[in-house]
Amino acid sequence: MSGLPGDLVDALAYAASQPTLVVATDFDGVLAPIVLDPMSSRPAEGTIEDLRRLAGRPGVHVALVSGRDLATLSQLSGVELDGPVRLVGSHGAQTSTGRDWGGLTPSQTAVLTRLTRQVRGLRESARDLRIEYKPSAVVVHTRGLAETAKGAVTTEATALGRQPGVHLKKGKDVIELTVVRADKGTAVMDLAAEVSADAVVYLGDDATDEDVFERMGPRDVGIKVGPGPTAARWRVDGPAEAAQVLRRL
Ligand SMILES: [Mg+2]
Numbered sequence: 640m641s642g643l644p645g646d647l648v649d650a651l652a653y654a655a656s657q658p659t660l661v662v663a664t665d666f667d668g669v670l671a672p673i674v675l676d677p678m679s680s681r682p683a684e685g686t687i688e689d690l691r692r693l694a695g696r697p698g699v700h701v702a703l704v705s706g707r708d709l710a711t712l713s714q715l716s717g718v719e720l721d722g723p724v725r726l727v728g729s730h731g732a733q734t735s736t737g738r739d740w741g742g743l744t745p746s747q748t749a750v751l752t753r754l755t756r757q758v759r760g761l762r763e764s765a766r767d768l769r770i771e772y773k774p775s776a777v778v779v780h781t782r783g784l785a786e787t788a789k790g791a792v793t794t795e796a797t798a799l800g801r802q803p804g805v806h807l808k809k810g811k812d813v814i815e816l817t818v819v820r821a822d823k824g825t826a827v828m829d830l831a832a833e834v835s836a837d838a839v840v841y842l843g844d845d846a847t848d849e850d851v852f853e854r855m856g857p858r859d860v861g862i863k864v865g866p867g868p869t870a871a872r873w874r875v876d877g878p879a880e881a882a883q884v885l886r887r888l
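Adding 639 to a residue's 1-based position in the sequence shown gives its number in the numbering used here.
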């Protein structure tokens with residue numbers, strides 16, 4: 640039985656009746672409940688199977704969209720890089736269909752090297768700070784830090800994000816400093832345009848997912864997972880309900 644709001648069930652049914660549909664979803668906080676150690680994140684049972692089943696339907700294009708780099712996203716989700724479910728990593732800078740950013744320019748490499756050194760310096764404010772290294776970004780994870788350390792690290796990391804050539808993305812207890820400009824909204828809408836989608840269903844829980852929700856049209860179904868301000872038309876409580884949405888589709 641579905642615990643989803645009736646108007647959401649209707650909207651999903653309408654989207655599913657379209658000849659060409661894109662179903663895209665964020666990973667962390669949507670398919671995978673948030674955990675303290677970002678590398679121990681795993682999808683909830685059945686969700687990846689449901690994505691694969693959807694991807695097998697005629698006219699349905701499925702994508703897993705994340706801020707994680709492509710290799711990590713594939714490893715944690717268990718979705719292969721060359722399978723029917725597309726992977727979109729680094730907020731859209733990397734895709735499993737090969738539309739990659741083609742490597743960093745020398746100046747981006749120089750900025751990333753300096754940035755990496757600066758971020759390591761943040762450990763002076765928080766010794767246990769978790770730092771994640773991506774091909775095009777350095778990510779600071781503040782989850783689990785004491786409030787004073789979290790405040791100091793957030794302020795310092797935000798300042799680093801104002802340097803030339805650096806783009807700042809803030810999520811839930813995550814500050815990403817990237818040298819490649821990309822956003823999930825552009826990535827999802829590019830996919831929709833590529834396959835001439837009649838409708839898009841998207842699920843996301845974080846600030847970076849708002850770039851998708853803000854660009855959705857009247858036939859699209861944007862679903863915010865969990866609390867917080869959003870441009871999405873619908874909201875569900877958490878990953879358990881997000882799994883129900885996929886099952887319902
Ligand atoms: Mg998320």
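Ideal Cβ positions, reconstructed from N, Cα and C, are used throughout, including at glycine.
Model, not experiment: these values are computed from the prediction.
At a threshold of 7 Å, G843 counts as near ligand 1, since its beta carbon sits closer than that to one of the ligand's heavy atoms.
Around the CB of R725, 16 or more other CB atoms lie within 10 Å, so the residue is classed as buried. Within the segment 732 to 778, the runs of beta strand (DSSP E) at least 3 residues long that lie entirely inside it are, in chain order, 769 to 773. For L690, the CB contacts under 6 Å within the same chain, skipping 5 residues up- and downstream, are V701, V724 in chain order. Counting along the chain, D829 sits inside the alpha helix (DSSP H) bounded by residues 823 to 833. K789 has its alpha-carbon roughly 23 Å from the corresponding atom of D848. If you draw a straight line from the Cα of E815 to the Cα of V648, it is about 35 Å long. Positions of the beta strand (DSSP E) runs, each at least 3 residues long and wholly inside the segment 783 to 865, are given as 806 to 810, 813 to 817, 838 to 843, 860 to 864 in order along the chain.
Put simply, the segment 799 to 814 does not touch the segment 824 to 840. Fewer than three CB pairs are less than 8 Å apart.
Taking all protein chains shown into account, G861 has 16 or more neighbouring C-beta atoms within 10 Å of its C-beta and is therefore buried. Within the model, the alpha-carbon separation for S735 versus V718 is close to 10 Å. The way I'd put it, the segment 863 to 870 doesn't touch the segment 693 to 711; fewer than three beta-carbon pairs between them come closer than 8 Å. DSSP, read as helix, strand or coil, puts D667 in strand. Take P672, set aside five residues on each side of it, and the residues of its chain with a beta-carbon closer than 6 Å to its own are P878, in chain order.
For A702, the enclosing beta strand (DSSP E) covers residues 699 to 704. Judged by DSSP in its simplified three-state form, V662 adopts strand.
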